[in-house]
Amino acid sequence: KEAISVQFPRVEQRGAFCSSASAASSPKRRREMGVSKNIAVLSGDGIGPEVMVEALKVLTKVATLYGHTFSFTEAPVGGAAWAATEAAGETPTHLPASTVEMCAKSDAIMFGSVGGPVDQQHEPRWKDCEKNALLGIRKRFNLANNLRPSKVYPFLSHLCPLKPSIIAAGVDVLVVRELVGGIYFGEHKREGDRAWDIMAYDVEGIKKPVIFAFEAARLRKKKVTIVDKANVLETSRLWREVAREVKVGYPDVELEFMYVDNAAMQIIQKPSAFDVICTENMFGDILSDAASVLPGSLGLMPSASLGDSVHMYEPSGGSAPDIAGKGVANPIAQILSGAMMMRYSFNLEAEAAAIETAVESVMKAGILTGDLLEAGQKDKAVSTSQMGDAVCAALKGP
């Protein structure tokens, strides 16, 4: 009976969600004083650098409108880092220690994308590039909560692969995925003709994403769906126990449980029934990808990974090396990732909402990149930079 809905809640106080900003000061007071933040910029490979330019352009405009100071510091990651360290005569790496150190000193991380062409994955520069760069950052900063919103905009509903009757009630789902535990981080071993991968969780590792899911749902449609496989897996039974305990503190939020195989069907059959989905690492990996196709383009899909000291923001799509440098990439996901940074790292709700409103107004006006246009309308597409300029022009201050 459940469906997925992804959008980040809008509130004036976000202390429960934000570890690097003070929830004590009021939004009005922050606007009067302005804030000063240091942002690590890891543009990466492929289209990463060009969509990052547009996101930083928008963030700079926000800073001007609201009286803030955002300082951006670039650092290499992925294939770009491999090439840079190799050229410097150092041991090639996808995640240099200097990049990690710079991220640790920053208030937030804006991440682009990493990875190279499919037919070059065997080359050292690209082999295990995403694994080394992304998993390395996740583990170093304990980025335990991954948030992926999936929203079908009514004026772009024709891009959704589902029938109009299925999405008529609207689709707005938030997928909360535990990101640093489970089978991906367990033991992986092979002996002779046997192989195994270990999935393990403890109460504390489960409690963090579950609490966040309830906090988010409280500001949305007040419904949390825990996705598991409790009819088979002991870890899933532990997830249910923890969720029931957390639920006691949120009497106003509905809690339901759903097996992952059923959830995979319901996301397609009844996506409007979901509000906040919370699940373990592997299930979240699969379900968030399924939800990501609903808006019609990965170019609309931002994400956030929340850690203990610093959070990271990145588009859900990949590096798309086939279109890199052509000026046709959609920067909206990167721009909306910046809006999430305003909300979750800096507790700047008004600024986050301003970016989201500007993006929606631009697209509603028909200013679209090629991925958002149907075959016969591609000649009307705007470029990557034109889309960024349009969002900047649509931004409104306090």
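One gets the working numbering by counting positions in the sequence shown from 1 and adding 84 to each. Positions of the beta carbon are idealized from the N, C-alpha and C atoms, including for glycine.
- Query: Between which two residues does the alpha helix (DSSP H) carrying Asn365 extend?
  - Reply: The sequence position of residue 365 within the sequence shown is 281, counting from 1. Where Asn365 is concerned, the enclosing alpha helix (DSSP H) stretches over Asn365 to Ser376.
- Message: For the stretch 371 to 383 against the stretch 227 to 247, do three or more pairs of beta-carbon atoms, one drawn from each stretch, fall closer than 8 Å, so that the two count as touching?
- Response: yes
- Item | Three-state class that DSSP yields for Ser242 in the structure shown | As a first step, residue 242 must be located in the sequence shown, where it is residue number 158. Correcting the residue type first, residue 242 is His in the shown sequence and not Ser. It is helical.
- Exposed unless 16 or more other CB atoms sit within 10 angstroms - verdict on Ala105: Numbered from 1 along the sequence shown, position 21 holds the residue referred to as residue 105. At Ala105, the pLDDT of 35 sits below 50, so the modelled position is not reliable; the number obtained from the coordinates is stated separately. The residue in question, Ala105, is buried, as its Cβ has 16 or more Cβ neighbours within 10 Å.
- Spatial neighbours of Glu440 in its chain, beta-carbon cut-off 8 Å, leaving aside the 5 residues before and after: Translated into positions along the sequence shown, residue 440 becomes position 356. Excluding residues within five positions, the ones whose Cβ falls inside 8 Å are Leu420 and Ala423.
- Message: What does DSSP give as the partner residue(s) for Gly128 in the beta ladder?
- Response: Taking the first residue of the sequence shown as 1, we reach residue 128 at position 44. Its beta-bridge partners are Ser197.
- Item | Length of the line joining the Cα atoms of Ala438 and Leu390 | On the sequence shown, position 354 is the one that residue 438 refers to. On the sequence shown, position 306 is the one that residue 390 refers to. Going by the C-alpha atoms only, they are around 22 Å apart.
- Task: Compare the Cα-Cα distances from Met283 to each of Arg274, Thr319 and Lys145 and report the closest residue.
- Result: Reading the sequence shown from its first residue, position 199 is the one you call residue 283. For Met283, the nearest C-alpha among the options comes from Thr319.
- Pick from Gly163, Ala147, Asn226 and Gly162 that is closest to Phe156, judged by C-alpha positions: By 1-based counting over the sequence shown, the position of residue 156 is 72. The shortest Cα separation from Phe156 among Gly163, Ala147, Asn226 and Gly162 belongs to Ala147.
- Item | Bridge partners - Asp312, DSSP secondary structure assignment | Residue 312 sits at position 228 when you count from the first residue of the sequence shown. BP columns for Asp312 point to Tyr343.
- Message: Is the beta carbon of Ile416 closer than 8 Å to that of Ile131?
- Response: In the sequence shown, counting from the first residue as 1, residue 131 sits at position 47. In the sequence shown, counting from the first residue as 1, residue 416 sits at position 332. No. Outside cutoff.
- Message: Bridge partners for Leu231 per DSSP, in chain order?
- Response: Start at 1 with the first residue of the sequence shown, and residue 231 comes out as number 147. Leu231 is bridged to Val260 and Ala388.
- Query: Looking at the structure shown, is Met349 part of a helix, part of a strand, or coil, going by DSSP?
  - Reply: The residue given as residue 349 occupies position 265 in the sequence shown. Looking at Met349 - three-state DSSP - the assignment turns out to be helix.
- Please name the residue in Val259, Tyr285 and Val260 whose C-alpha comes closest to that of Leu271. If you number the sequence shown from 1, residue 271 lands on position 187. It is worth fixing the name first, because residue 271 is Glu in this sequence and not Leu. Here the closest residue by C-alpha is Tyr285.
- Query: Looking at the structure shown, is Phe154 part of a helix, part of a strand, or coil, going by DSSP?
  - Reply: Within the sequence shown, numbered from 1, the residue matching residue 154 stands at position 70. Phe154 falls in the strand class under three-state DSSP.
- What are the start and end residues of the alpha helix (DSSP H) that includes Lys331? Taking the sequence shown and counting its residues from 1, one reaches residue 331 at position 247. Where Lys331 is concerned, the enclosing alpha helix (DSSP H) stretches over Glu318 to Lys331.
- Query: DSSP three-state call for Glu174: helix, strand or coil?
  - Reply: Here residue 174 refers to the residue found at position 90 when the sequence shown is read from its first residue. Note: Glu174 maps to coil in three-state DSSP.
- Query: Secondary structure at Ala87, three-state DSSP: helix, strand or coil?
  - Reply: Counted from its first residue, the sequence shown places residue 87 at position 3. For Ala87, the pLDDT reaches just 36, beneath the cut-off of 50, and the residue's location in the model is therefore unreliable, although a value from the coordinates is still provided. If DSSP states are grouped into helix, strand and coil, Ala87 belongs with coil.
- Item | Residue closest to Met396, alpha-carbon to alpha-carbon, out of Phe430, Ala404, Phe341 and Ala375 | Locating residue 396 in the sequence shown gives position 312, where the first residue counts as 1. Measuring from the Cα of Met396, the nearest candidate turns out to be Phe430.
- Query: Cα separation between Pro208 and Asp281?
  - Reply: Looking up residue 208 in the sequence shown gives position 124. Looking up residue 281 in the sequence shown gives position 197. One C-alpha to the other measures close to 26 Å.
- Between the C-alpha atoms of Thr175 and Gly409, what's the straight-line distance to the nearest angstrom? By 1-based counting over the sequence shown, the position of residue 175 is 91. By 1-based counting over the sequence shown, the position of residue 409 is 325. Cα to Cα, Thr175 sits roughly 28 Å from Gly409.
- Query: Roughly how many whole angstroms lie between the Cα atoms of Met366 and Leu263?
  - Reply: Position 282 of the sequence shown, counted from the first residue, corresponds to residue 366. Position 179 of the sequence shown, counted from the first residue, corresponds to residue 263. About 9 Å.
- Query: Assuming Leu371 and Ala388 make a contact with CB atoms under 8 Å, what is their CB distance in whole Å?
  - Reply: Here residue 371 is taken as the residue at index 287 of the sequence shown, counted from 1. Here residue 388 is taken as the residue at index 304 of the sequence shown, counted from 1. Contact doesn't hold; Cβ gap of about 17 Å is too wide.
- Item | Residues bridged to Ile123 [DSSP beta-bridge criterion] | Stepping through the sequence shown from its first residue, residue 123 is reached at position 39. Answer is Phe156 and Ala192.
- Task: Please state whether DSSP places Trp210 in a helix, a strand or coil.
- Result: Along the sequence shown, one-based indexing puts residue 210 at 126. Residue state, collapsed to three classes: coil.
- Item | Three-state secondary structure (DSSP) of Glu271 | Position 187 of the sequence shown holds residue 271. Correct three-state label for Glu271: coil.
- Task: Drop a sphere of 10 angstroms on the beta-carbon of Arg222, count the other beta-carbons inside from all chains shown, and report buried for 16 or more, exposed for fewer.
- Result: What you label residue 222 is simply residue 138 of the sequence shown in a count that begins at 1. Buried: at least 16 other Cβ atoms inside 10 Å.
- Message: Just to confirm before moving on: does the CB-CB distance between Val483 and Ala217 stay below 8 Å?
- Response: The question about residue 483 has no answer, for the chain in this structure spans 85 to 482.
- Check whether Ala300 and Val260 have beta carbons under 8 Å apart: Taking the first residue of the sequence shown as position 1, residue 300 is located at position 216. Taking the first residue of the sequence shown as position 1, residue 260 is located at position 176. Cβ distance < 8 Å, so Ala300 and Val260 count as in contact.
- Query: Mapping DSSP to helix, strand and coil, what is Lys307?
  - Reply: Residue numbering aside, residue 307 sits at position 223 when the sequence shown is read from its first letter. Lys307: strand per DSSP, three-state reduction.
- Item | Buried or exposed (CB count within 10 angstroms, at least 16 for buried), Ile123 | The residue you call residue 123 lines up with position 39 of the sequence shown. Ile123 comes out buried.
- Message: For Arg427 and Cys362, I'd like the C-alpha separation in whole angstroms.
- Response: Taking the sequence shown and counting its residues from 1, the one referred to as residue 427 is at position 343. Taking the sequence shown and counting its residues from 1, the one referred to as residue 362 is at position 278. Rounded to the nearest angstrom, the two C-alpha atoms are 20 Å apart.
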